[in-house]
Structure formats: C-alpha cells, structure tokens
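Protein sequence lines correspond, in order, to chains X and G. The first sequence begins at 1 in this note's numbering and counts up one residue at a time. The second sequence begins at 110 in this note's numbering and counts up one residue at a time. Where is the CB? At the ideal position from N, CA and C, for every residue including glycine. Working notes for the structure below.
There are 2 protein chains.
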Amino acid sequence: MKAEKKKKLESRGWRVGSATDFLGLSKEEAAYIELKLALSENLRKLRKTHKLTQVRLAGLLHSSQSRIAKMEIGDPTVSLDLLIRSLLALGITRKGLSQMILFAQRRAA
Amino acid sequence: MKAEKKKKLESRGWRVGSATDFLGLSKEEAAYIELKLALSENLRKLRKTHKLTQVRLAGLLHSSQSRIAKMEIGDPTVSLDLLIRSLLALGITRKGLSQMILFAQRRAA
DNA sequence: TGATTATATGTCATAACTGACATATACTAT
DNA sequence: ATAGTATATGTCAGTTATGACATATAATCA
Numbered sequence: 001m002k003a004e005k006k007k008k009l010e011s012r013g014w015r016v017g018s019a020t021d022f023l024g025l026s027k028e029e030a031a032y033i034e035l036k037l038a039l040s041e042n043l044r045k046l047r048k049t050h051k052l053t054q055v056r057l058a059g060l061l062h063s064s065q066s067r068i069a070k071m072e073i074g075d076p077t078v079s080l081d082l083l084i085r086s087l088l089a090l091g092i093t094r095k096g097l098s099q100m101i102l103f104a105q106r107r108a109a
Numbered sequence: 110m111k112a113e114k115k116k117k118l119e120s121r122g123w124r125v126g127s128a129t130d131f132l133g134l135s136k137e138e139a140a141y142i143e144l145k146l147a148l149s150e151n152l153r154k155l156r157k158t159h160k161l162t163q164v165r166l167a168g169l170l171h172s173s174q175s176r177i178a179k180m181e182i183g184d185p186t187v188s189l190d191l192l193i194r195s196l197l198a199l200g201i202t203r204k205g206l207s208q209m210i211l212f213a214q215r216r217a218a
C-alpha cells in the first residue's frame, strides 16, 4: 500500500480508533501516520487559538492556503518537516512538541 | 544563511552550547536544527545499542549506508521524516520519541 | 606495516515535496 | 436563495530529499 492510496483512507475522515493495522499497515507506518495526524490536528487547533485563517497563516509561514489545508487534513504529500517547522513558527517549544507527541490521542469515529 | 552553508557549521562538530542564534539563525530555525541533531544522535545511539552497523541498518530501512551516515551527522539533506521513520523502524515508541525530543540535550564543546 | 571493517563525503538520476494557482465545496450570514 | 468568507481538492513546474554508487577517510587488528 503506497502513499497515494492512503490519502483518502487513514489520512482522512477515519480516525477509526487507534487504527493500527487496518489494511496491511506495518507498525511503524501506522505510528508514522498517527504522528502526522496528531501534529496536523494540533496545528489546526493552534491556528484557531491564534484566531488565524488559513490564508493568514499561509502568509506568516510563506506558504499557501492550499498547503495549510493539506497539512491540517493530514494529506500524505505534506512532510513532517513542514508540519514541525510550521508548529515551531507558531511558537511551539520543544517541550510543547514533546507533549503533543506524547498525548497524541486518537478519538473514536 | 542558506542550508548548504549550515552543513559544516551547526550541523557538525559544533554543538556549541545551545547555540541558538549564532549567525542570523531565527528561533524556529535553531529549534528545528537542534531537533534534528537530537534525533540524529539518538539514532546513532540506538543503532549501537542494537549492535548494528550502518550497512546493516541501511538494509533494514531499505536505505543506504551513506544516507545513514548522513542522518547520523545531521547532514542538512536529511529530512525529519526520514529520521523519524528510521527511529520508528528501530522500534521506538511515541513515548520514546516524546522523551527524546523533550530531553534533547546539547552538550558543551 | 597492511588488511579488514566501519564510517564519512561527493555526486547523480529519480522520486517526493512545495508553493502557487484554479476551482470546488462548505459554512454563515442576510 | 444569494453573497461573502473559509476551507478543501486537483494540478503542475520548480525545488529538495532519496537511494545508489564510487571513493575517501578512520578505526581495529594481526
């Protein structure tokens, strides 16, 4: 199962439980995806607490609205690098990031 | 200061203190680099505790010896994605990763 | 010393990511 | 319903990361 296929699956609406392997998803792959989703969700949360629109955030990050949207929905074409750099740009500390990863919760469907 | 220039500086031997801004390094940039270095070091540590050589690890990760080396020295061409996926493949948990990020220590020169 | 093994460095073609743009779909008001 | 605003989706050309390879430099040991 390659990245493209995942796009409309794990990455999106699902959030089915901890959704470990669900279709031939290795443990690391699952962890990697969950990690990205966790950061995605936190990015959106953070943007909202800052009362920013995707357009304004894109400006701050020198990115684009579409990419912000893709980040927030966990689109497979966005890298951890971009996610993390965005979070850092929003002022998150290493401690904050650590917590974010630790407490990354999966909510039920 | 662009990525290439950093290669032989922050990324390498230095580890000068927390080396925040040291040459026009923004706070996020510094945090990003420190994060990568922290993971790099932990990757090497982890590989050694597993008694693996770079070649063998490369095999496990379906990567190459040179890329493992680059990861471990914090070469700017390696992404957080690759670092984190490697750590996950080595069996690290999200909790472990969290700790790794939280305790990412800078040692003195 | 030289031989062996491990790690570092340089380069390159391919693959993956990126910002930008267009456009579609929500969501709120009025 | 319509307009206005926010977010999602699709695509693409330019950029960056990747594995692979060659080769150089340690490091270890006989």
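- Using the rule of at least 16 other Cβ atoms within 10 Å of the residue's Cβ for burial, across every protein chain shown, is K145 of chain G buried or exposed? buried
- Message: Contact between the region 185-199 of chain G and the region 158-173 of chain G is defined here as three or more beta-carbon pairs at a separation below 8 Å; is this criterion met?
- Response: yes
- Item | Other residues of its chain near S207 of chain G: CB distance less than 6 Å, five sequence neighbours each side excluded | none
- Item | Given M71 of chain X as reference, the closest of X:K51, X:E41, X:T49 and X:T53 once Cα atoms are compared | X:E41
- Message: Out of X:T49, X:L80 and X:K27, which one is the CA nearest neighbour of Y141 of chain G?
- Response: X:L80
- Task: Kindly say whether S173 of chain G, judged by its beta-carbon, lies nearer than 8 Å to any beta-carbon of chain X.
- Result: no
- Item | Proximity below 8 Å, CB of A104 of chain X to CB of E28 of chain X | no
- Compute the distance between the beta-carbons of L39 of chain X and M100 of chain X, then report whether it is under 8 Å. Note that the C-beta distance between L39 of chain X and M100 of chain X is below 8 Å.
- Closest Cβ-Cβ distance between K179 of chain G and chain X: below 8 Å? no
- Query: In whole angstroms, what is the alpha-carbon distance linking T49 of chain X and L211 of chain G?
  - Reply: 23 Å
- Message: Quick check on the DSSP output: the alpha helix (DSSP H) that includes K70 of chain X runs from which residue to which?
- Response: Secondary structure note for K70 of chain X: its alpha helix (DSSP H) is the uninterrupted segment Q65 to I73.
- Task: Return the CA-CA distance between T186 of chain G and K45 of chain X, expressed in angstroms with no decimal places.
- Result: 30 Å
- Task: With distances taken Cα to Cα, identify the nearest neighbour of G96 of chain X among X:S26, X:A30, X:L43 and X:L61.
- Result: X:L43
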